[in-house]
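In case it helps, this note's numbering puts the sequence shown at residues 2 to 308.
Where is the CB? At the ideal position from N, CA and C, for every residue including glycine.
Quick notes on the structure that follows.
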Amino acid sequence: MSAVWTEREEATGAAGAMKIERETHKLEKRLCREVGRAIVDYNMIEEGDKVMVCVSGGKDSYALLDILLKLRARAPIHFDIVAVNLDQKQPGFPEDVLPGYLKALGVPFHIEEQDTYSIVKRVIPEGKTTCGLCSRLRRGILYRVADELGATKVALGHHRDDMLQTFFLNMFFAAKLKSMPPKLASDDGRHIVIRPLAYVAEKDLIRWAQHREFPIIPCTLCGSQENLQRKQVGEMLREWERKHPGRIENMFGALQSIVPSHLLDGSAFDFKGLKATGLPDADGDKAFDPTDFPAAAAPSALRVVQL
Ligand code: SF4
C-alpha cells in the first residue's frame, strides 16, 4: 500500500505512518458512505439485482468495483456483481492486466473483445474526433453483453466532477440545463444504468487509486485527443475549487435542489396558467427583495499534497 496523502507537513516516522493510516481509513469510510448514500437516495440497487460493473482500466471504474464489493459484503440486501471489460483492440492494450486483476479479486468477470478501434479508424477521417462513434459502439456492445449476462443494472464509474463538467458543457455549448443523471433508463429502453459514484469527488478517487495501487490502463491508447471543451471546463472547475472553497459542493447541491418556478422553462413550470391564489405563503417569492447570500469563504491557505 502506498502513502495516500498528507496535509502541509510531510508525514514521517511512526507518527506520520499512523496519520496516513488514519487518513486512509477516513477516506475509505467517506467513499463507502457517499456511494451508499447515492445508492439509497436513487434506489440504485435492489434485492436480487445483478449489477454489471463496467471496468475500463481507469481509476474511477476500479474504485467503483472496489467500493461496491465492500458495500455488498455488509449490505442488508443480496445482489450479485459481475465485472465487464470491453477490449476494443486499441494498439498496445495490455490484455492480461484486467483478467489478472479480476481473477485475483475473485469477482466473476467477462472480457468482451470487439475491434471497435478498426471501425472508428476506418469511418472517421484522420484528424477528426473519434470519441462520439467509439462511445456509441461501446454503449451498444455493453447493453448486449448486459442482456447476455442477465444483468439487471449497468454501473458506470462517472463521479461528481464528471457530472458538474457535463452540466457546464451542456450549458456553454448546447444551451441546456442538463447534467449526467445518477440513474437512467437506457435509450433502448431495456436497461437501467446507474452511477454509484455520483456523490464522490474525483480527488478522493485519485487518492484511493494511489492507495490501492490499481493497475491503471491509460485511456490514450487510441491516440484520440482529449476533448478540448471538456478539458477547459475541468480546468475552470479546479480553479474555482482552489480559489473558492465550497463552490463545487454548492454547485452540486444546486443540481439536487432546482426551482423550476424561478427558471424560464415553460415546459417545466406552467407560467401561462399561473394565478394568484389569494393565500399568503411565508415561503412564497418576495419578488422585489434582493436575495441575501452568505459571505464567500476566503481562499484556503491549506493545500492538499499528493505523496
Ligand atoms: S478516447 Fe479513444 S477509447 Fe476513449 S472514447 Fe475516445 S476514441 Fe474511444
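Around the beta-carbon of F174, fewer than 16 other beta-carbon atoms lie within 10 Å, marking it exposed. Scanning its chain for C-beta atoms nearer than 6 angstroms, with the 5 sequence neighbours on each side dropped, one finds around R196 the residues L157, H159, P183, in chain order. Between the alpha carbons of L185 and Q166 lies a distance of about 18 angstroms. DSSP places M252 inside the alpha helix (DSSP H), whose first and last residues are 248 to 256. Shortest Cα-Cα distance from K273 to any of H79, L265, L280 involves L265. In the three-state reduction of the DSSP assignment, L275 falls in the coil class, being assigned neither a helical nor a strand state. Here the region 93 to 113 makes contact with the region 215 to 231; the two share three or more CB pairs at distances below 8 angstroms. Take the alpha-carbon of R140 and the one of G190: they are about 13 angstroms apart. Classified as exposed, A18 has fewer than 16 neighbouring CB atoms from the shown chains inside 10 Å of its CB. Contact between I68 and V36 holds, with the beta-carbon distance rounding to 5 angstroms and staying under 8 angstroms. Rounded to whole angstroms, the separation of the alpha carbons of Q230 and D61 is 21 angstroms. Distance between S136 and E214, taken at the CA atoms: about 27 angstroms. For I259 and S119, the gap between their C-alpha atoms comes out near 43 angstroms.
Ligand 1 has no heavy atom closer than 7 angstroms to the beta-carbon of C55.
According to the DSSP assignment, I68 belongs to the alpha helix (DSSP H) that extends over 60 to 75. Here DSSP, grouped into helix, strand and coil, assigns M53 to strand. The DSSP-derived three-state label of A202 is coil. Its Cα nearest to that of K51, the residue F80 stands out among F80, N44, R73, E242.
DSSP places N86 inside the beta strand (DSSP E), whose first and last residues are 81 to 88. CA-to-CA, the gap between E250 and R123 works out to about 43 angstroms.
When the five nearest sequence neighbours on each side are left out, the beta carbons in the same chain lying within less than 8 angstroms of the beta carbon of M237 are those of F169, in order along the chain. DSSP places I40 in no beta strand (DSSP E) but in the uninterrupted alpha helix (DSSP H) bounded by 14 to 42. Between the region 24 to 34 and the region 199 to 215, the count of C-beta pairs closer than 8 angstroms reaches three or more; the two stretches touch.
Taking a contact as a CB-CB distance under 8 angstroms, the pair P261 and A255 does not count as one, their CB atoms being some 13 angstroms apart. Here V124 carries a helix assignment [DSSP, helix/strand/coil]. DSSP places L170 inside the alpha helix (DSSP H), whose first and last residues are 161 to 175. In the DSSP assignment, L185 is bridged to V194.
By the 16-neighbour rule on beta-carbons within 10 angstroms, D163 is buried. DSSP places K287 in the coil class of the three-state scheme, outside both helix and strand. Here the C-alpha atom of G247 lies approximately 27 angstroms from the C-alpha atom of M45.
Taking 8 angstroms as the cut-off, the Cβ atoms of V155 and V108 do not count as close.
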